[in-house]
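Line order of the protein sequences matches chains A and B.
By my numbering, the letter at position 104 of the first sequence is numbered 104, and the numbering carries on one by one without gaps.
Every position in the second sequence, counted from 1, becomes a number in my numbering once 111 is added.
Built from N, CA and C at the ideal position, the CB exists for glycine as well.
Here's the structure, in structure tokens; my notes come after.
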Amino acid sequence: ILNVEQSPQSLHVQEGDSTNFTCSFPSSNFYALHWYRWETAKSPEALFVMTLNGDEKKKGRISATLNTKEGYSYLYIKGSQPEDSATYLCASLFGNEKLTFGTGTRLTIIP
Amino acid sequence: DAGVIQSPRHEVTEMGQEVTLRCKPISGHNSLFWYRQTMMRGLELLIYFNNNVPIDDSGMPEDRFSAKMPNASFSTLKIQPSEPRDSAVYFCASCLGINRGTDTQYFGPGTRLTVL
């Protein structure tokens with residue numbers, strides 16, 4: 001069983017503060033890492049797909065980095081806003097088979 | 112584009128009944144995925160199709176579950192007979208299918224199934 005783990009499970013952040021959380025995955029046979037944003041009562045929405053060690057992607061105030069040698073990815077949110085409240089899921093692909101999802105980090109922004 | 116369409120959005124049924132969930136992928140997408148989301152196990156892949164052919168159904172829990180994709184624009188997930196432990200949100204997703212590893216998957220709104 002290939003485990004993708006996310007930490008922390010939940011996080012409360014004051015509006016305006018920056019934050020980050022982690023996705024850990026087995027580094028052997030790594031193929032790709034996906035980040036999704038999942039708002040309550042909606043469906044997961046893709047943020048980033050990363051494949052190369054050292055990759056860094058950015059979309060507005062959200063960015064992500066990837067370390068395939070040690071098996072982790074960080075997601076950063078700069079200057080948190082209430083609309084950033086959501087569950088952030090990562091999913092890893094091994095050998096181009098199928099995505100294995102973590103259980104997510106539930107982020108709540110406190111106004 | 113309307114995105115991935117799923118129906119029904121909510122389904123409440125009694126134990127033992129047959130349940131059919133439906134999905135219409137984004138036009139032009141060649142890969143389709145069925146996921147189940149539960150509190151205990153999170154989001155888990157049940158089965159995926161490429162060009163209407165089932166590629167990996169190892170995530171299908173048991174023989175009560177079956178999935179078909181008769182054409183490029185329609186797929187069904189059937190549970191017969193349904194049990195209370197099947198209660199979950201079932202998501203359908205599709206992607207271009209050029210490179211399933213890096214293609215972005217687009218998720219439908221999900222079907223919330225409750226089996227009494």
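Asked: With DSSP run on the structure shown, which of helix, strand or coil describes Arg196 (chain B)?; Found: helix
Asked: Check whether the Cβ of Pro165 (chain B) lies closer than 8 Å to any Cβ atom in chain A.; Found: no
Asked: If we call anything under 8 Å between Cβ atoms a contact, is Val91 (chain B) one with Arg175 (chain B)?; Found: No answer is possible for residue 91 (chain B): it lies beyond the span of chain B, which begins at 112 and ends at 227.
Asked: Is it right to say Ala41 (chain A) is buried, meaning 16 or more other beta carbons lie within 10 angstroms of its own, or is it exposed?; Found: exposed
Asked: Hey, Pro136 (chain B) and Val164 (chain B) are a contact pair by Cβ (cut 8 Å); roughly how many whole angstroms apart?; Found: With 8 Å as the limit, Pro136 (chain B) and Val164 (chain B) do not qualify as a contact, their Cβ atoms being about 14 Å apart.
Asked: Verify whether the separation of the beta carbon atoms of Glu129 (chain B) and Pro192 (chain B) is less than 8 Å.; Found: yes
Asked: Would you tell me roughly how many angstroms separate the C-alpha atoms of Tyr76 (chain A) and Pro44 (chain A), rounded to the nearest one?; Found: 18 Å
Asked: Could you pull the start and end residues of the beta strand (DSSP E) that Pro181 (chain B) belongs to?; Found: Phe176 to Asn182
Asked: Can you look up Glu70 (chain A) in the DSSP assignment and give me helix, strand or coil?; Found: coil
Asked: Can you look up Glu122 (chain B) in the DSSP assignment and give me helix, strand or coil?; Found: strand
Asked: What's the call for Leu132 (chain B), buried or exposed, on a 16-neighbour Cβ count within 10 Å?; Found: buried
Asked: Does the beta carbon of Gly104 (chain A) sit closer than 8 Å to a beta carbon anywhere in chain B?; Found: yes
Asked: Enumerate in chain order the residues of its own chain whose CB-to-CB distance from Arg147 (chain B) is below 7 Å, with the five nearest sequence positions on each side excluded.; Found: Glu155, Leu157, Ala199 and Tyr201
Asked: Rounded to whole angstroms, what's the CA-CA distance from Asp167 (chain B) to Ile62 (chain A)? Just pull it up for me.; Found: 33 Å
Asked: Among A:Cys90, A:Lys78 and A:Thr68, which residue has its Cα nearest to the Cα of Thr19 (chain A)?; Found: A:Lys78
Asked: With a cut-off of 8 Å on the beta carbons, I'd call Trp38 (chain A) and Thr87 (chain A) a contact; round off their distance for me.; Found: 5 Å
Asked: State the start and end residues of the unbroken beta strand (DSSP E) segment that holds Met50 (chain A).; Found: Glu45 to Met50
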